[in-house]
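What follows is a single structure, written as structure tokens, with notes after it.
2 protein chains.
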Amino acid sequence: MSNSAKILLVEDDDNLGFVIQDLLKVEGYKVHLRKDGKEGLMQFNQEDYDLCILDVMMPKKDGFSLARDIRKINAHIPLIFLTAKSMTEDRVEGLRIGADDYITKPFDSEEFLLRVKAILKRSQKEEESTDSSAVYEVGAYQFDSDNFTLKYQSEERQLTKKESEILKLLCQHTDKVLEREIIANMVWGDDSYFVGRSMDVFITKLRKYLGSDPRISIVNIHGVGFKLQVED
Amino acid sequence: MSNSAKILLVEDDDNLGFVIQDLLKVEGYKVHLRKDGKEGLMQFNQEDYDLCILDVMMPKKDGFSLARDIRKINAHIPLIFLTAKSMTEDRVEGLRIGADDYITKPFDSEEFLLRVKAILKRSQKEEESTDSSAVYEVGAYQFDSDNFTLKYQSEERQLTKKESEILKLLCQHTDKVLEREIIANMVWGDDSYFVGRSMDVFITKLRKYLGSDPRISIVNIHGVGFKLQVED
DNA sequence: TCATGCTGTTAATCTAATGTTAACCCGATT
DNA sequence: AATCGGGTTAACATTAGATTAACAGCATGA
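Residue numbers (my numbering), protein chains in the order written: chain A, 1 to 232; chain B, 1001 to 1232.
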């Protein structure tokens, strides 16, 4: 995953600082927390970061001042400002320096994380150049669920919509049991005898399609459901 | 130069729409204003834009819905949403779609322009790599979508506008599935039985036009859409 | 071990989607 | 008004995909 991004967080309030740090760490980011602008700048010089999140109001050196210094060193690193109020002057000043985003406290953590994610994604254009289509690696196969294609070496098979939907579910649950009932409701929107039988037909097809790699198996758990397994 | 950026503005309120349009025009941007999501989508299909500014609340098709359709055609174009309130759910939804910014009405015009400028500046680097020429290479054909011409060796065929629009969409999605619904909404502005049938007629025509190069195929994905493929 | 309900598999069947051609419609042009 | 270009609608043919059927193994618990 591209989640190993390194983030420098500069926030003087200990409580808020730790909360934000945790939020980000849970998402898999590497986070370094510093408590004022001066320390923040020193830390920034120590390592290469992908993103800086700066509190505006801080002792020693405020967020804008820090941001200007950071910009002198790195003109392109994404910056997010945190501010207590939504003062327009603050916002404009931040944008002038080149903020990529601007978040007012208190903030919604889900929104905050989405913004961080969006900004990191934007700055990682080379890595994301694959157009973010959902491609699953299944053994030696690549399954593109958006384009309904299943590739094995040089061969590419066009799957149907339903085949794709089912395979996608299986991929998302690799090594976990997927209950028949779940598949039925997700794909057909209801669960009945014939839906079940139809599902079995699809499972047979998918097994056939995936047959070239013997490490792959769609295992039946009697009376419960199926499990996609890939041995290594 | 940077200021010739083309902006698509979709805003149903006439007054606000004109105000924003003027603001942007004064800055030297080329701005096209449309009044609802449906018209916005069709206009988006007509030209290449550098930025879209979308009102969230609109008749016919709201800003989010429009944004999702736009994203399917162009995964990277910057999007700015305008919203009356700062509803958190709205913000989160917007970010999920991939908003680059989010502006609540009423807004400060200076801030607004700075944001627009910042976003355009950011996306400019990527543009350099993007070929701005409207000529697509399709196998042994050259398709000039601006001039509606399709060349094969020495022969040049004049396409109609609709033929061009559809072929352009297909070209932009080479090797990817293009949903019928998207084509219908992009080209016709609505999706109905007869639009679908008309589309099939066009597909037949395009297949005929492209028939000289056997490596080219417009593949149908049953119940989903079409995919332009060029084997190598 | 038997009985019974599940599952695997293949093939027949049904239906909606698509392919194709031609007739039709309608606005623009002569 | 006649023609033309372009698109839509109609009509019919064809096909693809999903469902249903049929039958053959299996698994599991009594």
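The C-beta atom is built at its ideal place from N, Cα and C for all residues, glycine as well.
Interface residues of chain A facing residue i [CB-CB closer than 9 Å]
i                : result
K1168 of chain B : Within chain A, no residue comes near K1168 of chain B; the closest Cβ sits about 18 Å away, beyond 9 Å.
Pairwise C-alpha distance: residue j and residue i
i                : j                : result
T83 of chain A   : G1189 of chain B : 43 Å
R157 of chain A  : V1019 of chain B : 52 Å
K1227 of chain B : L1210 of chain B : 14 Å
D50 of chain A   : D1022 of chain B : 37 Å
L1114 of chain B : F148 of chain A  : 42 Å
H173 of chain A  : V138 of chain A  : 12 Å
N1015 of chain B : V195 of chain A  : 54 Å
Y102 of chain A  : I1166 of chain B : 40 Å
S198 of chain A  : E179 of chain A  : 15 Å
A1075 of chain B : R1068 of chain B : 10 Å
I119 of chain A  : S212 of chain A  : 40 Å
D146 of chain A  : L159 of chain A  : 11 Å
V1116 of chain B : V56 of chain A   : 22 Å
D175 of chain A  : E1110 of chain B : 54 Å
D1200 of chain B : I1077 of chain B : 29 Å
Q1043 of chain B : T1104 of chain B : 24 Å
A184 of chain A  : K161 of chain A  : 15 Å
Interface partners of residue i on chain B, CB under 9 Å
i               : result
T160 of chain A : I1221, H1222, G1223 and V1224
8 Å CB neighbourhood of residue i in its chain, flanking five on each side removed
i               : result
L66 of chain A  : V10, G37, G40, L41, L54 and M58
G17 of chain A  : L9, E11, L33 and K35
D232 of chain A : R215
F97 of chain A  : The question names Phe, but residue 97 of chain A in the sequence shown is Ile. Closer than 8 Å at Cβ, skipping near neighbours: F64, A67, R68, R71 and L79.
Chain-ordered chain A contacts of residue i [CB-CB under 8 Å]
i                : result
V1177 of chain B : D146, N147 and F148
Helix, strand or coil at residue i [DSSP, three-state]
i                : result
S192 of chain A  : coil
S1217 of chain B : strand
Y1029 of chain B : coil
K176 of chain A  : coil
D200 of chain A  : helix
F1107 of chain B : coil
N1074 of chain B : coil
Y209 of chain A  : helix
E163 of chain A  : helix
K1168 of chain B : helix
Cutoff 7 Å; reference residue i; Cβ partners in own chain excluding five residues on either side
i                : result
V1219 of chain B : F1226, K1227 and Q1229
Q1142 of chain B : V1135 and K1151
M186 of chain A  : L169
I1203 of chain B : I1218 and F1226
K25 of chain A   : V31
S129 of chain A  : Here S129 of chain A scores only 36 on pLDDT, less than 50, and its place in the model should not be relied on; the value that follows carries that caveat. If we look at S129 of chain A and ignore the five residues flanking it on each side, it has no Cβ neighbours.
V1177 of chain B : I1221, V1224, G1225 and K1227
Identified DSSP bridge partners for residue i
i                : result
Y136 of chain A  : A:F143
R1122 of chain B : Bridge partners of R1122 of chain B: none, in fact.
K1151 of chain B : B:Q1142 and B:E1156
D55 of chain A   : A:L82
G1223 of chain B : DSSP lists no partner for G1223 of chain B.
V10 of chain A   : A:R34 and A:L54
Q1229 of chain B : B:S1217
Y102 of chain A  : A:F81
Nonlocal neighbours in the same chain, by C-beta distance under 6 Å from residue i, ignoring five residues either side
i                : result
R1207 of chain B : I1218
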